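J.:
Here it is in structure tokens:
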């Protein structure tokens, strides 16, 4: 079993921090979707989180089904996926953007990185695929790399870049990357 501990052996649930772009919630899942590792735990103890499934932390059956379906897509189709879901931590719903990728080990099959979306208006109506493209752009990836990572053609990535520029209101790739750095990493 994997253990959830923070620096110097302090249990994760005791740390006083919050999830953010720079401090995302990282979870590792087994083939049944059960959480076998989570860090940092801000709202709950390891005992509450370990071996639970992500769809147990949402409020509606519709969201449970959507998350379960997304997990199965990553698990069986071996494709990365990005979704948004409202997770309920300590009775409060918080919107998170979750990026799940397949992992090839015996115990872990899916890794998810989740960041809270506190101001939904700031996303400018961007789709999850556009956000994924933008995140890869600001991390320095080239069009061909992004296309490979997203499982699409380079022309599709160019379409995403043009839509991003139109929605954000910039006319250059440099402007797009600058906007992304300011709004997605701050």
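In the working numbering, the protein residues as written are 189 to 374. For each residue, glycine too, the CB sits at the ideal point set by N, CA and C. The structure displayed is predicted, hence computed values, not measured ones.
Hey, is the region 215-228 in contact with the region 294-304, meaning 3+ C-beta pairs nearer than 8 Å?
T.: yes
J.: On the DSSP letters alone, give me the boundaries of the beta strand (DSSP E) that residue 271 sits inside.
T.: By one-based count along the chain shown, residue 271 stands at place 83. Unbroken beta strand (DSSP E) run through residue 271: 269-277.
J.: Using a Cβ distance threshold of 8 Å, determine whether the region 256-270 contacts the region 312-324, with at least three qualifying pairs required.
T.: yes
J.: Figure out for me which residue from 354, 281, 293 has the closest Cα to the Cα of residue 246.
T.: The residue you call residue 246 lines up with position 58 of the chain shown. The shortest C-alpha separation from residue 246 is found at 281.
J.: Rounded to the nearest angstrom, what separates residue 326 and residue 362 at their Cα positions?
T.: Stepping through the chain shown from its first residue, residue 326 is reached at position 138. Stepping through the chain shown from its first residue, residue 362 is reached at position 174. Roughly 10 Å separates the two Cα atoms.
J.: Using a 10 Å radius around the Cβ and a threshold of 16 neighbouring Cβ atoms, would you call residue 343 buried or exposed?
T.: Walking along the chain shown from the start, residue 343 turns up at place 155. By the 10 Å Cβ count, residue 343 comes out exposed.
J.: If you draw a straight line from the C-alpha of residue 308 to the C-alpha of residue 369, how long is it?
T.: Within the chain shown, residue 308 is the residue found at index 120, counting from 1. Within the chain shown, residue 369 is the residue found at index 181, counting from 1. For residue 308, the predicted model reports a pLDDT of 44, less than 50, meaning its position is unreliable and no value from the coordinates is stated.
J.: Taking the beta carbon of residue 359 as the centre, do at least 16 other beta carbons fall within 10 Å, making it buried, or is it exposed?
T.: The count along the chain shown starts at 1 and reaches residue 359 at position 171. Residue 359 is exposed by the Cβ-count criterion.
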